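With my numbering as the guide, the letters of the sequence shown map in order to residues 53 to 366.
A short worksheet on the structure shown next.
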Amino acid sequence: MVSEKRDLIIVVGSANVDYIMRVPHLPQQGETVAGSGFSQTFGGKGANQAVATARCGGRVALVCSLGGDTLSNRMRSGFEQDGIQTDFLIQAPNTYSGTALILIDPNGNNCIAADPGANYLLTPQQVDRIESLLPRTAVLLVQYEIPPETVARALELATSYGVRTIWNFAPAHPFPYMEKFSQTDILIVNETEAGFLAGMNPPESDMETVEALYRMHELGAETIILTRGVNGSSVLMEGKVAHIEAFPVKAVDSTAAGDVYCGTLAVSLSEGKPLLEAIRFASAASAISVTRWGAQPSAPYRHEIEDFLASRLR
Ligand code: RIB
């Protein structure tokens with residue numbers, strides 16, 4: 053029997069309408085700050101990862117749930133323009149798409165509040181519809197802006213077909229099916245999410261990072277990547293920790309930097325690259341994204357990532 057070529061990347065996750073405002077500093081409780089620029093773009097961790105995957109040259113199918121309004125229609129057209137397969141996208145007529153309010157300070161740091169809207173209508177049954185694609189799938193990528201049972205089903209189904217699973221546990225909140233960590237090949241978290249999963253404060257030093265990685269490993273994931281912003285990435289694989297430096301850039305907006313990282317990492321791995329090489333590629337892509345505004349508008353194209361990497365070798 054000839055086995056099928058596995059070159060597809062499936063993203064199961066959220067799609068949001070993002071409302072972004074630049075502010076002089078992130079407000080404290082009870083404080084009002086004057087904005088200095090506003091825009092509406094498209095985001096959502098799942099959709100951002102699918103867009104990053106597609107622009108980087110990956111063949112990608114997005115499983116997500118949108119509302120039935122005009123903005124949702126525009127979001128869908130955007131996915132199609134990026135070459136994303138949308139056959140498994142649902143649109144619920146009587147609801148609104150997920151919505152995120154994002155504030156960004158002059159250093160590119162953000163704070164985000166996201167209302168799930170239609171994202172919470174993505175059920176495990178919707179995930180079951182992708183089963184026929186799984187023999188051709190290299191990587192399944194999932195986050196945590198959709199119901200926990202849907203995340204659990206995606207990991208379970210992908211694992212049953214031998215598909216490599218990447219779980220970006222973002223944003224951090226309680227997950228009721230802890231056994232699913234053992235169906236995760238690569239767990240990706242930032243410092244806040246690492247602190248949550250490891251049961252400690254968000255790690256700051258290298259020593260705390262290593263401790264968080266080992267604590268999270270006990271949950272069952274095979275490989276764990278902790279993204280640390282300007283401090284790069286730390287990875288625990290095959291019992292050893294490695295640190296990969298970030299590419300220094302002038303950041304204007306870190307929104308979706310983690311999503312670009314996850315999507316481009318998935319592409320690189322689906323092309324057979326070793327993990328450390330894939331991490332360097334993903335770090336370059338996310339470095340480019342933080343020099344640009346917005347979530348999906350910031351995702352770089354393949355040639356931009358390659359040019360960036362080549363310029364760093366000179
Ligand atoms: O990761 C960035 C994303 O988080 C934004 O696009 C926003 O929609 C929230 O989901």
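Here a beta-carbon is modelled for each residue, glycine too, at the ideal position from N, C-alpha and C.
Since the model is a prediction, treat every value here as computed from it, not as a measurement.
Cβ contact annotation for residue 211 (same chain, cutoff 8 Å, sequence separation greater than five): 217 and 235, in chain order. Remark: fewer than three beta-carbon pairs, one from each stretch, lie closer than 8 Å, so the stretch 300-311 and the stretch 166-181 are not flagged as touching. Residue 202 sits away from residue 169, with the two beta carbons spaced by 8 Å or more. Of the residues assessed, residue 84 falls on the exposed side of the cut-off, its CB having fewer than 16 other CB atoms within 10 angstroms. Three or more beta-carbon pairs separated by less than 8 Å are not found between the stretch 100-120 and the stretch 324-331, which leaves the two stretches without contact. Of all C-beta pairs linking the stretch 348-359 to the stretch 215-232, fewer than three are shorter than 8 Å, placing the two stretches out of contact. In the structure shown, the three-state DSSP call for residue 125 is helix. DSSP places residue 98 inside the alpha helix (DSSP H), whose first and last residues are 97-107.
Beta-bridge analysis with DSSP links residue 278 to 241 and 286. Short note on residue 212: C-beta not closer than 7 Å to any heavy atom of the ligand RIB.
Boundaries of the beta strand (DSSP E) harbouring residue 295: 292-296, taken from the DSSP string. Residue 78 and residue 87 have their C-alpha atoms roughly 10 Å apart. Residue 260 and residue 251 have their C-alpha atoms spaced approximately 12 Å apart. By the C-beta criterion, the stretch 152-167 is judged not to be in contact with the stretch 128-143, since fewer than 3 inter-stretch pairs fall below 8 Å.
For residue 229 and residue 204, the gap between their C-alpha atoms comes out near 7 Å. The Cβ atoms of residue 306 and residue 197 lie no closer than 8 Å to each other. Pairing residue 262 with residue 126, the inter-Cα distance amounts to about 43 Å. Looking at the DSSP output, residue 73 shares a beta bridge with 90 and 155.
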